[in-house]
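Asks: Here this note's numbering is used: the first residue of the sequence shown is 72, the next is one more, and so on.
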Amino acid sequence: MAGGAETEALSARLTAALAAHGGATVMRSKRYGLWQPLSGMETATRIAAIARGLRAVGLQDRDVAAICGDTCADWVLADLGIMAAGGVSTGLDADADGDELARLVNLFGVTVLFVAGDAHLHRALGIRDRCPRLRLIVVMHEQWDDGARVDHVMTLAELQARGAGAEPLAAPADTAIAAIVMTSGVTAPARGALLTQAALG
72 MAGGAETEAL
82 SARLTAALAA
92 HGGATVMRSK
102 RYGLWQPLSG
112 METATRIAAI
122 ARGLRAVGLQ
132 DRDVAAICGD
142 TCADWVLADL
152 GIMAAGGVST
162 GLDADADGDE
172 LARLVNLFGV
182 TVLFVAGDAH
192 LHRALGIRDR
202 CPRLRLIVVM
212 HEQWDDGARV
222 DHVMTLAELQ
232 ARGAGAEPLA
242 APADTAIAAI
252 VMTSGVTAPA
262 RGALLTQAAL
272 G
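(1) Classify Leu89 as helix, strand or coil using the three-state DSSP reduction.
(2) Going by C-alpha distance, which of Ile251, Ile153, Arg84 is nearest Phe179?
(3) Tell me which same chain residues have a C-beta within less than 6 Å of the C-beta of Arg233, skipping the five on either side of it?
(4) In whole angstroms, give me the CA-to-CA distance for Gly129 and Thr116.
(5) State yes or no: is the C-beta of Ala242 within less than 8 Å of the C-beta of Ala80?
(6) With the cut-off set at 8 Å, would you say Thr182 and Arg199 are in Cβ contact?
(7) Tell me the DSSP secondary structure of Thr142 in three-state form.
(8) DSSP three-state call for Val147: helix, strand or coil?
(9) Just verifying my parser: in three-state terms, what is the DSSP assignment at Leu271?
(10) Excluding five sequence neighbours on each side, which residues of the same chain lie with their C-beta closer than 7 Å to the C-beta of Ile121?
(11) Report, in whole angstroms, the separation of the C-beta atoms of Arg133 and Ile208, which I expect to be a contact under 8 Å.
(12) Could you pull out every residue in the same chain whose Cβ sits closer than 6 Å to the Cβ of Leu271, ignoring the five residues on either side in sequence?
(13) In the DSSP assignment, what are the bridge partners of Arg99?
(14) Less than 8 Å between C-beta atoms, sequence neighbours within five positions excluded: which residues of the same chain meet that for Val97?
(15) Would you kindly work out how many angstroms separate the C-alpha atoms of Leu266 and Val135, rounded to a whole number?
(16) Starting from the N-terminal side, write out each stretch of the alpha helix (DSSP H) that is 4 residues or longer and does not extend beyond the segment 148–220.
(17) Kindly indicate which residue of Ala155, Gly197, Trp146 has the alpha-carbon position closest to the one of Leu240.
This is the structure in structure tokens:
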């Protein structure tokens with residue numbers, strides 16, 4: 072691939088593109104039944120804060136961080152924040168029971184698990200002792216934070232606060248593994264496909 076902007080990681084290019092939109096709305100997030108706008112600059116700022124927060128709590132290059140919950144704005148922010156931090160992002164079945172969740176967390180070697188709500192949080196807490204690599208659970212929705220005073224649990228807002236004042240991160244290489252995507256499993260057993268930053272771009 073030629074030099075220049077084309078070799079930048081997807082996460083870096085996307086964050087720059089979001090920031091270029093400034094105050095324009097790029098996404099909406101539903102809170103208490105009302106749709107709240109997210110501007111390009113706010114979205115880029117939050118992605119960067121999540122990425123720096125993840126590094127601050129110990130995420131290393133190629134560490135796997137997973138997201139378990141229904142698709143929402145915070146899901147997207149977490150996904151891009153993981154990749155911007157140099158980690159590997161993967162989504163887990165939001166309806167998985169405890170045994171299946173533990174199997175997937177161990178299969179992928181998940182170190183940080185983002186969960187959407189109360190049910191997902193309690194399911195994650197219930198499997199932690201069976202998942203030796205799982206170090207941190209991040210609760211994405213602020214109204215569901217009953218576990219946030221536990222040492223290995225924090226809210227997404229707390230994670231962002233950890234990264235808000237930290238130094239900017241270097242962008243991952245475009246050859247860095249960015250995501251694990253499960254195949255459908257229709258014609259063969261489901262497998263996790265490794266995708267680089269460049270492949271996603």
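Note that CB positions come from ideal geometry on N, CA and C, so glycine has one too.
Predicted model only: the values in this text are computed from it and were never measured.
Replies: The answer reads as follows:
(1) Position 18 of the sequence shown, counting from 1, holds the residue named residue 89. In this structure, Leu89 counts as helix in the three-state DSSP scheme.
(2) Counted from its first residue, the sequence shown places residue 179 at position 108. That would be Ile251, whose Cα lies nearest to the Cα of Phe179.
(3) Position 162 of the sequence shown holds residue 233. Hits under 6 Å: Gly124, Ala127.
(4) Counted from its first residue, the sequence shown places residue 129 at position 58. Counted from its first residue, the sequence shown places residue 116 at position 45. If you take the alpha carbons of Gly129 and Thr116, they lie about 20 Å apart.
(5) Taking the sequence shown and counting its residues from 1, the one referred to as residue 242 is at position 171. Taking the sequence shown and counting its residues from 1, the one referred to as residue 80 is at position 9. Less than 8 Å separates the beta-carbon of Ala242 from that of Ala80.
(6) Translated into positions along the sequence shown, residue 182 becomes position 111. Translated into positions along the sequence shown, residue 199 becomes position 128. No, Cβ-Cβ distance for Thr182 and Arg199 is not below 8 Å.
(7) Reading the sequence shown from its first residue, position 71 is the one you call residue 142. Note: Thr142 maps to coil in three-state DSSP.
(8) Position 76 of the sequence shown, counted from the first residue, corresponds to residue 147. The answer is helix: DSSP assigns Val147 an H, G or I state.
(9) Here residue 271 is taken as the residue at index 200 of the sequence shown, counted from 1. In this structure, Leu271 counts as helix in the three-state DSSP scheme.
(10) Your numbering for residue 121 matches position 50 in the sequence shown. Cβ contact annotation for Ile121 (same chain, cutoff 7 Å, sequence separation greater than five): Leu148, Ala149, Gly152, Leu230, Gln231, Gly234, in chain order.
(11) Mapped onto the sequence shown, residue 133 falls at position 62. Mapped onto the sequence shown, residue 208 falls at position 137. Actually they do not touch by this definition, with Cβ atoms about 20 Å apart.
(12) Here residue 271 refers to the residue found at position 200 when the sequence shown is read from its first residue. Cβ neighbours of Leu271 beyond the five flanking positions: Leu81, Ala249.
(13) Residue numbering aside, residue 99 sits at position 28 when the sequence shown is read from its first letter. Pro108.
(14) As a working mapping, residue 97 is identified with position 26 in the sequence shown. Excluding the 5 residues flanking it on each side, Val97 has same chain C-beta neighbours closer than 8 Å at Leu89, Leu109, Ser110, Gly111, Thr114, in chain order.
(15) Taking the first residue of the sequence shown as position 1, residue 266 is located at position 195. Taking the first residue of the sequence shown as position 1, residue 135 is located at position 64. The straight-line gap from Cα to Cα measures roughly 13 Å.
(16) 169–179, 189–198
(17) The sequence position of residue 240 within the sequence shown is 169, counting from 1. When C-alpha distances from Leu240 are compared across Ala155, Gly197, Trp146, the shortest belongs to Ala155.
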